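Some notes on the structure that comes next.
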Amino acid sequence: MSKRALLEVIALDVEDAVAAQAGGADRLELVTDMAADGLTPTVATVTGIRGAVDIPVRAMLRLSDGFGAGEVARVVRAARELRDAGAEEFVLGFLDTAGEVDLRAVEQVVGVLDGCRWTFHRAIDHAADRDALRKQLADLPGLDTYLTAGSAAGVDEGLPVLLAEAARAGEPGYEQRLLVGGGLRLEHVPRLRAAGVDAFHIGGAARPRGWEVPVSAEAVREWRRAVDGG
597 MSKRALLEVI
607 ALDVEDAVAA
617 QAGGADRLEL
627 VTDMAADGLT
637 PTVATVTGIR
647 GAVDIPVRAM
657 LRLSDGFGAG
667 EVARVVRAAR
677 ELRDAGAEEF
687 VLGFLDTAGE
697 VDLRAVEQVV
707 GVLDGCRWTF
717 HRAIDHAADR
727 DALRKQLADL
737 PGLDTYLTAG
747 SAAGVDEGLP
757 VLLAEAARAG
767 EPGYEQRLLV
777 GGGLRLEHVP
787 RLRAAGVDAF
797 HIGGAARPRG
807 WEVPVSAEAV
817 REWRRAVDGG
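In our numbering, the protein residues as written are 597 to 826.
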């Protein structure tokens with residue numbers, strides 16, 4: 597466990613970002629509108645946060661609730677705007693109505709990211725076949741992470757899947773980092789760390805008083821200690 601685990605925190609604005617970094621976050625996932633489970637932030641927000649912190653920021657590319665791409669041209673345009681504003685890392689993921697990866701939409705969006713690193717988000721937890729999805733996406737440029745709870749219902753239900761996927765690390769389709777989030781609790785961390793998981797994602801857990809209140813640096817510190825094995 598000598599390798600430092602990655603702790604990613606959801607940020608909605610500059611205040612969140614500053615508190616998350618102060619608490620020991622390694623990276624931010626930048627979104628807006630958590631009522632829709634996180635949508636694409638504005639260019640102004642991305643610019644403001646990048647000027648306020650010096651940890652990596654991954655900007656969400658998602659324009660509406662659900663996992664359909666919607667108007668792909670609009671997502672591509674949003675990606676270009678954020679890229680032009682200096683965004684260097686992203687989060688995205690689209691499924692079709694059958695629960696299969698919308699490869700055409702993903703490829704179009706990734707095509708304007710200039711090879712930037714990106715996360716395929718929890719759409720994988722709603723996929724009809726997560727193994728097939730991984731193998732379809734395996735060779736896309738920049739993909740280095742899957743954000744997953746192992747189940748659409750959250751980590752409690754998905755823990756067996758997470759442990760099984762951690763054991764497959766390095767196999768074709770499983771080279772990307774496993775970033776665990778979605779109903780993640782502190783008591784899950786030791787078992788996941790013991791299985792080799794080294795990346796954790798929190799949103800509500802960084803805000804003990806709810807989403808209406810900014811990120812708590814102390815809550816992030818507690819998670820920092822936990823993922824570091826303290």
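The beta-carbon is built from N, C-alpha and C at its ideal position, and this holds for glycine as well. The structure presented is a predicted model; accordingly, all values stated were derived computationally and were not measured.
If we ignore side chains and look at the alpha-carbon of each, how far apart do residue i and residue j end up?
i: His-784; j: Val-816; result: 16 Å
i: Ala-724; j: Val-706; result: 22 Å
i: Gly-644; j: Leu-729; result: 35 Å
i: Leu-755; j: Asp-727; result: 16 Å
i: Gly-792; j: Arg-600; result: 12 Å
i: Met-656; j: Arg-773; result: 18 Å
i: Glu-753; j: Arg-713; result: 29 Å
i: Arg-805; j: Glu-814; result: 12 Å
i: Val-653; j: Val-708; result: 18 Å
i: Leu-659; j: Arg-781; result: 28 Å
i: Asp-824; j: Thr-741; result: 20 Å
i: Ala-621; j: Gly-695; result: 32 Å
i: Val-610; j: Glu-761; result: 34 Å
Taking DSSP as the reference, what is the three-state secondary structure of residue i?
i: Ile-798; result: strand
i: Asp-609; result: coil
i: Leu-699; result: helix
i: Arg-803; result: coil
i: Leu-657; result: coil
i: Leu-691; result: strand
i: Arg-773; result: strand
i: Ser-812; result: coil
i: Leu-709; result: coil
If you compare alpha carbons, which of the options is closest to residue i?
i: Gly-711; options: Lys-731, Ala-675 and Arg-805; result: Ala-675
i: Gln-704; options: Ala-719, Val-672, Arg-679 and Leu-678; result: Val-672
i: Phe-686; options: Val-610, Leu-743, Glu-667 and Arg-787; result: Leu-743
i: Leu-603; options: Val-610, Glu-611, Gln-617 and Asp-612; result: Gln-617
i: Gly-778; options: Ala-802, Glu-767 and Val-751; result: Val-751
i: Val-587; options: Glu-667, Gly-799 and Gly-800; result: With the chain running from 597 to 826 in the structure shown, residue 587 is simply not present.
i: Leu-699; options: Leu-736, Leu-759, Arg-658 and Asp-721; result: Leu-736
i: Ile-720; options: Gly-664, Asp-680 and Gly-766; result: Gly-664
i: Ala-734; options: Ala-765, Ala-762 and Gly-769; result: Gly-769
i: Gln-803; options: Arg-679, Trp-819 and Ala-790; result: Per the sequence presented here, residue 803 reads as Arg, with Gln not at that position. Here the closest residue by C-alpha is Trp-819.
i: Arg-718; options: Ala-822, His-797, Gly-738 and Glu-767; result: His-797
i: Ala-749; options: His-722, Arg-679 and Leu-788; result: His-722
i: Leu-739; options: Val-757, Gly-746, Glu-771 and Ala-822; result: Glu-771
i: Gly-766; options: Lys-731, Ala-745, Val-776 and Ala-790; result: Lys-731
i: Ala-631; options: Ala-822, Gly-799 and Val-697; result: Gly-799
Kindly give me the distance between the Cβ atoms of residue i and residue j, rounded to whole angstroms, as I take these residues to be in contact under 8 Å.
i: Ala-683; j: Pro-810; result: The Cβ separation is near 22 Å, so there is no contact.
i: Pro-688; j: Phe-716; result: Position check: residue 688 holds Leu in this sequence, whereas Pro was assumed. Correct: roughly 7 Å between the Cβ atoms.
i: Val-627; j: Ala-681; result: The Cβ separation is near 16 Å, so there is no contact.
Let me check one thing: in DSSP terms, what residues is residue i bridge-paired to?
i: Trp-714; result: Phe-686 and Leu-739
i: Leu-759; result: Paired residues: none, contrary to the question.
i: Glu-604; result: Arg-623 and His-797
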